[in-house]
Structures are given as C-alpha cells and as structure tokens.
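For any residue, its number in our numbering is found by taking its place in the sequence shown, counting from 1, and adding 1.
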Amino acid sequence: MQITPSCRILPGMTAALPRRLWLLLLWLACAGAAQALSFSTVVLDPGHGGRDGGAVWNKLVEKNLCLDVAKRVETLLKKKGLKVVMTRRTDTFVELGDRAWIANRQPRSIFVSIHFNASRNTAIRGVEVFYRSTNGRALASRILTALRARLKTTSGRGLVHGDLKVLRATTMPAVVVEAAYISNKAEAARCATAAHRQAIAEAIAAGILAARG
Ligand SMILES: [Zn+2]
C-alpha cells in the first residue's frame with residue numbers, strides 16, 4: 002500500500018551541519034534504506050486463461066504455466082500467513098478489467114500478475130518485471146532481485162516501466178512478472194520441468210516477503 006518512511010537521521014546532527022551536507026546525508030540515508038510496503042493480502046493473477054492461451058512456443062502454453070506457478074506461489078505465501086486471492090484458479094478466461102476489480106476490492110493488498118514471455122527473436126531470454134507506480138517499482142525490484150538470484154540469470158531487461166492496462170486499472174502496488182521467454186529453447190526446456198516452476202514460485206514468494214520488510 003504505502004511506503005513506510007524508513008530513512009532517519011540523528012536530530013542532533015542537523016544544526017551543526019551546513020545545509021548542503023545535511024541534504025547529501027539525507028539523500029544517502031534514503032537511497033540506502035529499503036522501502037518496505039505494508040500489506041496483508043496478495044492478489045495473484047495468473048495471466049491469460051480459457052480461450053486466451055497467451056504465448057504458445059516449444060509445446061508450452063503460457064496460460065498453463067502461469068496458473069501452475071501462481072498456485073505454487075499461493076501455497077508458499079499461505080504458509081507464511083499471508084492472505085492470498087487468485088483472479089482465476091482454473092482454465093477460465095477473465096477480462097483484464099475484472100482482474101483489476103477483484104484486486105481493488107482487497108484492502109491492504111498488492112497485485113502480482115504472472116506471465117511468461119515470447120519473442121520472434123528466439124535468442125532473447127531472461128526475466129522482466131513491469132511496474133507503473135513508485136510502490137510498484139519497489140515491489141518489482143524485490144521480485145526481480147529474488148528471481149535473478151534464485152534462477153542464476155542476469156538476462157532479460159529486468160525492471161521495466163510499462164503502462165500496461167492491468168497496472169493502470171489496479172489501485173495497489175502492482176507488478177507483472179514475465180518469468181522467462183518460452184520462445185527460447187533452453188528456457189522453455191527448463192520451464193517444462195516442475196522443479197524450475199517451483200524455483201520461479203519460490204523466488205516470487207521470496208521477493209514478495211522481502212518487499213514487506
Ligand atoms: Zn502473458
């Protein structure tokens with residue numbers, strides 16, 4: 002929901018320091034401090050569904066991967082005591098506006114949409130996390146860091162500012178995770194295994210928990 006201000010400077014220091022130095026110290030304190038988000042509910046949004054399969058590459062259908070990973074994330078987060086709301090839990094089509102409507106009814110929540118990417122350039126691989134708001138960026142950054150560490154990859158565009166409809170329509174910190182390029186043969190082969198989908202889910206859950214501070 003809101004960023005908890007976590008940058009502090011000792012009050013006694015301020016009077017003795019020239020204004021410029023004080024501002025520099027304040028900037029350094031803020032830049033170094035982690036932005037913690039305050040939320041108790043996670044809305045998980047498995048991309049696509051039903052007649053909308055999403056990307057189809059290397060015998061993988063995106064909508065199925067999204068739902069599989071989202072359910073794994075749900076299990077992990079519930080174990081940590083968070084409330085989880087899913088925008089779909091079966092192979093059904095849900096309009097983007099309805100996904101946002103489901104999310105916006107949840108107080109103190111964040112929104113994490115899970116997708117898999119594809120490109121005609123099959124050499125492209127890696128992780129991308131889209132955000133639109135400042136709080137969304139804080140969440141995206143935590144999830145990206147966890148994904149890159151857990152999946153041992155530095156490929157992909159990483160954090161991407163995107164004016165996506167689902168990010169525009171949601172009122173809480175919101176991100177869209179593109180967990181891998183299934184158009185890339187090597188990444189598709191990994192995504193076809195339950196172990197890799199579990200690793201993706203563990204990273205997304207770890208990123209969400211880290212964002213909570
Ligand atoms: Zn997608």
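Ideal Cβ positions, reconstructed from N, Cα and C, are used throughout, including at glycine.
As the structure is a prediction and not an experimental result, all values here were calculated from the model.
Worksheet item: Is any heavy atom in ligand 1 found nearer than 7 Å to the beta carbon of E203?
Response: For this step, residue 203 is matched to residue 202 along the sequence shown. It does not: the Cβ of E203 is nowhere closer than 7 Å to a heavy atom of ligand 1.
Fill in: Simplified DSSP state of D69, which is helix, strand or coil
Counting from one through the sequence shown, the residue named residue 69 turns up at place 68. Here D69 sits in helix by DSSP.
Practice prompt. Following the continuous alpha helix (DSSP H) through D99, name the residue where it begins and the one where it ends.
Written response: Here residue 99 corresponds to residue number 98 of the sequence shown, with the count starting at 1. 97 to 105 is the span of the alpha helix (DSSP H), which, as asked, contains D99.
Worksheet item: Should G50 be listed as close to ligand 1, given that the test is whether its C-beta is under 7 Å from any heavy atom?
Response: In the sequence shown, residue 50 corresponds to position 49, counting from 1. G50 Cβ: outside cutoff for every heavy atom of ligand 1.
Item to complete: Check whether the Cβ atoms of L83 and V43 sit closer than 8 Å, and answer yes or no.
Response: Working through the sequence shown from its first residue, we reach residue 83 at position 82. Working through the sequence shown from its first residue, we reach residue 43 at position 42. With respect to V43, L83 sits close: the two C-beta atoms are nearer than 8 Å.
Practice prompt. Classify F131 as buried or exposed, calling it buried when 16 or more other Cβ atoms lie within 10 Å of its own Cβ.
Written response: In the sequence shown, residue 131 corresponds to position 130, counting from 1. Flag for F131 reads buried.
Worksheet entry | Secondary structure of S134, DSSP reduced to three states | As a working mapping, residue 134 is identified with position 133 in the sequence shown. Three-state result, S134: coil.
Worksheet item: With DSSP run on the structure shown, which of helix, strand or coil describes G163?
Response: The residue you call residue 163 lines up with position 162 of the sequence shown. Three-state DSSP puts G163 in coil, outside helix and strand.
Worksheet item: Hey, A141 and L160: beta-carbon distance below 8 Å or not?
Response: Looking up residue 141 in the sequence shown gives position 140. Looking up residue 160 in the sequence shown gives position 159. In contact: A141 and L160 (Cβ atoms closer than 8 Å).
Item to complete: Classify E96 as buried or exposed, calling it buried when 16 or more other Cβ atoms lie within 10 Å of its own Cβ.
Response: The sequence position of residue 96 within the sequence shown is 95, counting from 1. Its Cβ having fewer than 16 others within 10 Å, E96 is exposed.
Worksheet item: Near A32, what residues of its chain come up, given a Cβ to Cβ distance below 8 Å and the 5 sequence neighbours on each side ignored?
Response: By one-based count along the sequence shown, residue 32 stands at place 31. Model confidence at A32 stands at a pLDDT of 47, short of 50, so the residue's coordinates are unreliable and nothing is read from them.
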